[in-house]
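So for the sequence shown, the working numbering puts the first residue at 5; every next one is plus one. Using N, Cα and C, we set each Cβ at its ideal position, and we do this for glycine too. Model, not experiment: these values are computed from the prediction.
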Amino acid sequence: MSKQGLIGAVEAGGTKFVLALATQDGEILARTRMPTQTPVETWPAMQAFFEQAAAEHGPIAAFGVASFGPIDIDPASAAYGTFTTTPKPGWSGARFHDVLAGFDAPIKVDTDVNGAAIGEWMAGAGQGCRTVAYTTIGTGIGTGVVRDGRSLMGISHFESGHIMPPRDAARDPFAGICPYHGDCLEGLACGPAIERRWGTSLDKLGPTETGIVADYIAHLASTLVLLHMPDRLIFGGGVMKAPGLVEMVRKATAAKLNGYVQHPRLDEGLEGYIVTPGLGDDAGITGAIELGRQALAAR
Numbered sequence: 005m006s007k008q009g010l011i012g013a014v015e016a017g018g019t020k021f022v023l024a025l026a027t028q029d030g031e032i033l034a035r036t037r038m039p040t041q042t043p044v045e046t047w048p049a050m051q052a053f054f055e056q057a058a059a060e061h062g063p064i065a066a067f068g069v070a071s072f073g074p075i076d077i078d079p080a081s082a083a084y085g086t087f088t089t090t091p092k093p094g095w096s097g098a099r100f101h102d103v104l105a106g107f108d109a110p111i112k113v114d115t116d117v118n119g120a121a122i123g124e125w126m127a128g129a130g131q132g133c134r135t136v137a138y139t140t141i142g143t144g145i146g147t148g149v150v151r152d153g154r155s156l157m158g159i160s161h162f163e164s165g166h167i168m169p170p171r172d173a174a175r176d177p178f179a180g181i182c183p184y185h186g187d188c189l190e191g192l193a194c195g196p197a198i199e200r201r202w203g204t205s206l207d208k209l210g211p212t213e214t215g216i217v218a219d220y221i222a223h224l225a226s227t228l229v230l231l232h233m234p235d236r237l238i239f240g241g242g243v244m245k246a247p248g249l250v251e252m253v254r255k256a257t258a259a260k261l262n263g264y265v266q267h268p269r270l271d272e273g274l275e276g277y278i279v280t281p282g283l284g285d286d287a288g289i290t291g292a293i294e295l296g297r298q299a300l301a302a303r
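Now the structure itself:
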């Protein structure tokens, strides 16, 4: 049966795309996932999914896209929705509008981590908050900051993964893997950096290695507190699933803040302030649906 005002949602990650067709109240009518290949392969597959879903359920009224980057997310830019300096082969210069414009529906594009932040703010661990900072620690590191359901940005999206934390070379001689900065947060604490340094994932390592990574993440956490004063910090991604890591991050963050920020939100031990995601793997697609709602409302 055809429904009105349907939302096409795209969660575009570095390894997979999740596509969904949803009603405006969030009910998912059709959903699929596919590997992230090149645009030459991915665009036709994405178009085919939405064409088939629309034929079955009704026309698509708007699209919300939460994507890996770097990508232009400034609606006033002529390159809005275009991948910029991404190291992913074949994606620089590709634009979501190239494939979605044929549906004659408004499109709102944001980053994948902003989409996850919006999803968690709406229906996950960020419920009841005005400002939420969501950070993913996985293949890369990125943070989305959301206030009242809208992501924040400046001339471009935030790049927290490339903040340069202090590194004690005696404790951690690893020089980092970032091709731009070496030992930035992403270069030191993302999943591939951990694998390169120790030969395995963090969940298979001990408290010494976990403590090193926790200190880097805590540097980011304390920086986010001081710069954005969010109601809550949410940390997700594969690395954060390592046993004991979130507890170490809380302890190290509290030590770095050293009592300077006093507010009821920052509870004793930060157990209610630094949390893991409530939506799990559904945060990104939930946020993408909300981006579609925002595109429809702005039309």
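Residue pairing from DSSP places residue 71 in a beta bridge opposite 16 and 115. Contact between the region 207 to 220 and the region 244 to 260 is present: 3 or more CB-CB pairs across the two stretches fall below 8 angstroms. In the three-state scheme derived from DSSP, where H, G and I count as helix and E and B as strand, residue 184 is classed as coil. The beta carbon of residue 182 sits closer than 6 angstroms to the beta carbons of 188, 190 and 191 from its chain, once the five residues preceding and following it are set aside; these are given in chain order. For residue 297, the uninterrupted alpha helix (DSSP H) run begins and ends at 287 to 302, by DSSP. In terms of Cα proximity to residue 79, the closest of 124, 132 and 157 is 157. The region 109 to 117 makes contact with the region 288 to 301, as at least three CB pairs between them are under 8 angstroms. Residue 70 is positioned such that its CB atom lies no closer than 8 angstroms to that of residue 87. Comparing alpha-carbon positions, the option among 133, 101, 173 and 82 lying closest to residue 269 turns out to be 133. Beta-bridge annotation (DSSP): residue 148 is paired with 138.
If you draw a straight line from the Cα of residue 48 to the Cα of residue 39, it comes to about 13 angstroms. The count of Cβ pairs closer than 8 angstroms, one atom from the region 200 to 214 and one from the region 145 to 163, stays below three, leaving the stretches out of contact.
At the C-beta level, residue 150 and residue 238 stay beyond 8 angstroms of one another. Around the C-beta of residue 56, fewer than 16 other C-beta atoms lie within 10 Å, and the residue is accordingly described as exposed. Nearest C-alpha to residue 262 among 100, 230, 276 and 286: 230.
Taking the C-beta atoms as reference points, residue 23 is found no nearer than 8 angstroms to residue 10. In the DSSP assignment, residue 23 is bridged to 14 and 36. At the C-beta level, residue 212 and residue 250 stay beyond 8 angstroms of one another. Burial state of residue 159 is exposed, judged by a 10 Å Cβ sphere holding fewer than 16 other Cβ atoms.
Residue environment analysis places residue 223 among the buried positions, since at least 16 neighbouring C-beta atoms fall within 10 angstroms of its C-beta. Between the alpha carbons of residue 260 and residue 274 lies a gap of roughly 12 angstroms. Cα atoms of residue 19 and residue 41: separation of roughly 8 angstroms, rounded to the nearest angstrom.
Membership of residue 283 in any beta strand (DSSP E) is not indicated, and neither H nor E is assigned to it by DSSP. Cβ atoms of residue 72 and residue 296 stay farther apart than 8 angstroms, at about 18 angstroms. DSSP places residue 215 inside the alpha helix (DSSP H), whose first and last residues are 211 to 232. By the criterion of a C-beta distance shorter than 7 angstroms, residue 277 is surrounded in its chain by 236, 237, 269, 270 and 271, once the five residues flanking it on both sides are discounted.
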